[in-house]
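In what follows, a structure is listed as C-alpha cells, so that the remarks can point back to it.
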Amino acid sequence: MLQSKQLRFEAEVFETSSDRLVLEIYIFSPLLDVQPVIESFAGFGDTREQELNQAFEKFLRGVFHVAIEGLADHVCENMQAEIELWQRSSASWKIWRKDARWKIYSGPVISQATTELCSLTTGYPAFYAKLEKLFTASVPPGSHFVRTFLAGLKGTLISAEVLLDNAVWHEGQNLAVGHDWHYGDGYQAIRQVILALPEAGT
0 MLQSKQLRFE AEVFETSSDR LVLEIYIFSP LLDVQPVIES FAGFGDTREQ
50 ELNQAFEKFL RGVFHVAIEG LADHVCENMQ AEIELWQRSS ASWKIWRKDA
100 RWKIYSGPVI SQATTELCSL TTGYPAFYAK LEKLFTASVP PGSHFVRTFL
150 AGLKGTLISA EVLLDNAVWH EGQNLAVGHD WHYGDGYQAI RQVILALPEA
200 GT
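Numbering of the sequence shown is given in numbering that gives the first Met the number 0, commencing with residue 0 and proceeding in unit increments.
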C-alpha cells in the first residue's frame with residue numbers, strides 16, 4: 000500500500016497461469032466521485048519476479064504519474080501527464096455551469112508491437128479529439144476516469160475497450176470501433192488513461 004493525505008494505492012496480485020499474473024491496482028482519493036479506480040496489468044515472465052516486475056512497470060508508465068500529478072498535487076520531474084482543459088460546448092451549458100470545464104490529466108499513449116513501429120499510434124490523435132467531443136457533450140459533472148485500450152492483429156481489430164469510471168463506456172467503445180485505424184502487421188496495442196477533474200470558474 001502507498002498513500003498520502005489525498006491519495007492511496009492498494010494492490011492485489013492474481014496468479015492466472017505458470018507464466019502470467021495480473022496486478023490489480025485500486026486508487027482511492029477524496030477527489031474521485033467513483034472510487035476506487037481499478038486498473039489491471041498483466042505480467043509475463045519465466046519467474047514470478049519477472050512477471051511482477053513487468054506488471055509493475057506498466058503501472059508506473061501509465062496511471063501512476065497521472066494519479067499522483069492529478070490527485071496528490073505532485074509534479075514529476077519531466078512531467079509525465081499532459082494537462083489541458085476540456086469544456087462543454089452544449090447549448091444547455093448554463094445547466095452545467097458549475098462543472099462546465101474539466102482539468103484533464105492525460106497519461107502517455109503506451110504502445111506495444113511485434114513490429115518495429117506501432118501504426119495504431121498514428122490514428123490516435125484524431126481518435127482522442129473525437130473522444131474529447133464525446134466526453135464534453137455527454138458526460139455528467141464531477142470527476143471521471145477514462146481508460147482506452149485497442150489491439151490489432153494482422154490488420155484486424157481484435158480488442159477495443161473504453162472504460163468510464165470502471166464501467167464499459169459504450170459510446171466511447173463504439174467511437175473506437177468505428178474509427179479509421181491502420182492496424183499494420185503483427186500484433187499491435189495502445190493504451191491510455193485520462194483523469195478529468197472539475198474546474199471551477201465557468
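Glycine residues also receive a C-beta, built at the ideal position from the N, C-alpha and C atoms.
This structure is a prediction, so every number in the text was calculated from the model and none was measured.
The residue from 146, 17, 166 with its alpha-carbon nearest to that of residue 50 is 17. The continuous beta strand (DSSP E) containing residue 148 extends over residues 143 to 152. Under DSSP, residue 161 forms a beta bridge with 147.
Secondary structure note for residue 123: its alpha helix (DSSP H) is the uninterrupted segment 119 to 137. Under the three-state reduction of DSSP output, residue 22 falls in the strand class. Annotation: the continuous alpha helix (DSSP H) that includes residue 54 extends over 47 to 58. In the three-state DSSP reduction, residue 33 falls in the coil class, being neither helix nor strand. Per DSSP, the beta-bridge partners of residue 195 are 103, 143. About 13 Å separates the beta carbons of residue 134 and residue 175, which is beyond the 8 Å limit, so they are not a contact pair.
In the three-state reduction of the DSSP assignment, residue 65 falls in the helix class, which pools H, G and I.
Around the C-beta of residue 82, fewer than 16 other C-beta atoms lie within 10 Å, and the residue is accordingly described as exposed. The Cβ atoms of residue 123 and residue 151 lie no closer than 7 Å to each other. Taking C-beta separations shorter than 6 Å and ignoring five residues to either side along the sequence, the partners of residue 32 in its chain run 141, 142, following chain order.
Measuring C-alpha to C-alpha distances from residue 68 to each of 104, 36, 56 identifies 104 as the nearest. The residues 145, 161, 162, in chain order, have a CB closer than 8 Å to that of residue 168 in the same chain once the five nearest residues on each side in sequence are set aside. Excluding its 5 nearest sequence neighbours in each direction, residue 156 has C-beta neighbours in its own chain below 8 Å: 149, 150, 176, 180, 182, listed in chain order.
Minimum Cα-Cα distance from residue 46 among the listed residues 25, 14, 28, 61 corresponds to 14.
When DSSP states are grouped into helix, strand and coil, residue 183 belongs to the coil group.
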